[in-house]
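J.: Dropping the structure in here first, questions after.
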Amino acid sequence: MLPAVAINVSNGLEIIGGKYAAIQTSRTKPPANLVVKTSQTNETDLTVYRVPVTNYKVHMAFCFKIKDKYYYPVVEQNSDTKTFHIKVEGPIEKSFDNFPDRFLFQWNGSREYGSLGSVLADKHYLCVSDKMVILTSKQEFIFKRNAEIHAHGMASRRLCSINSLVYGIR
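Numbering (the working numbering), first residue to last: 10 to 179.
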């Protein structure tokens with residue numbers, strides 16, 4: 010597997026309707042959650058890690074940084090019910106770039122909007138429900154393509170296919 014490429018995304022993880030996915034933390038209510046906000050604020054930085062799997066396939070991991078702490082959305086399976094769900098791992102003191110499948114998502118779509126599918130849980134996708142980002146078996150094309158990732162990808166074209174470069178997230 011080729012090394013991950015970190016891309017700092019200044020305009021966040023955009024969802025249809027001008028909303029953004031963000032990490033919400035609370036001192037009184039751990040753990041952190043992946044929520045939907047109506048406006049982007051400068052309280053978090055987003056780094057998208059492009060993880061080339063082959064010359065034609067790229068996965069992505071997302072790292073939200075809040076006050077020198079790192080948070081990663083991950084997919085986990087409940088050991089009793091065997092169902093999959095999204096959870097936020099963190100705070101972690103430093104970032105890393107060796108990602109197990111539970112950290113990884115795959116872009117599905119070819120136009121302005123697409124879906125983010127879990128690599129660990131086949132046919133499970135990030136979705137929005139009641140201002141929370143959840144994992145569901147229903148594929149919805151709600152995430153916006155990101156020009157920053159596209160531009161960066163063109164500079165490292167040898168790492169992955171042109172289709173993977175064109176369709177990023179925003």
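For each residue, glycine too, the CB sits at the ideal point set by N, CA and C. Source: prediction; values computed, not measured.
Where residue 133 and residue 98 are concerned, what is the direct C-alpha to C-alpha distance, given to the nearest angstrom?
T.: Pairing residue 133 with residue 98, the inter-Cα distance amounts to about 19 Å.
J.: Would you please state the rounded distance, in angstroms, between the beta carbons of residue 45 and residue 30? I believe it to be under 8 Å.
T.: The Cβ separation is near 6 Å, so the contact holds.
J.: With a threshold of 8 Å, are at least 3 pairs of Cβ atoms found where one atom belongs to the segment 103-115 and the other to the segment 127-147?
T.: With the cut-off at 8 Å, the segment 103-115 and the segment 127-147 touch.
J.: Return the bridge partner residues of residue 126 from the DSSP annotation.
T.: 115 and 134
J.: Using a threshold of 8 Å, state whether the C-beta atoms of residue 103 and residue 65 are closer than that.
T.: Not in contact: residue 103 and residue 65 (Cβ atoms no closer than 8 Å).
J.: Sort out for me which residues DSSP pairs residue 30 with in a bridge.
T.: 22 and 45
J.: Once you ignore the five residues that flank residue 56 on each side, which residues in its own chain have a CB closer than 6 Å to its CB?
T.: 15, 17 and 72
J.: For residue 89, name the three-state secondary structure that DSSP assigns.
T.: coil
J.: Can you say whether residue 105 is buried or exposed, counting buried as having 16 or more other CB atoms within 10 angstroms of its CB?
T.: Burial check for residue 105: the Cβ neighbour count within 10 Å stays below 16, so the residue is exposed.
J.: Report the rounded CA-to-CA distance for residue 166 versus residue 38, giving the unit in angstroms.
T.: With a pLDDT of only 33 at residue 166, under 50, the local geometry of the prediction cannot be trusted, and the value read off the model is given with reservation. Their Cα atoms are separated by approximately 43 Å.
J.: If you follow the beta strand (DSSP E) that residue 61 is part of, which residue opens it and which one closes it?
T.: Run containing residue 61: 54-63, per the beta strand (DSSP E) assignment.
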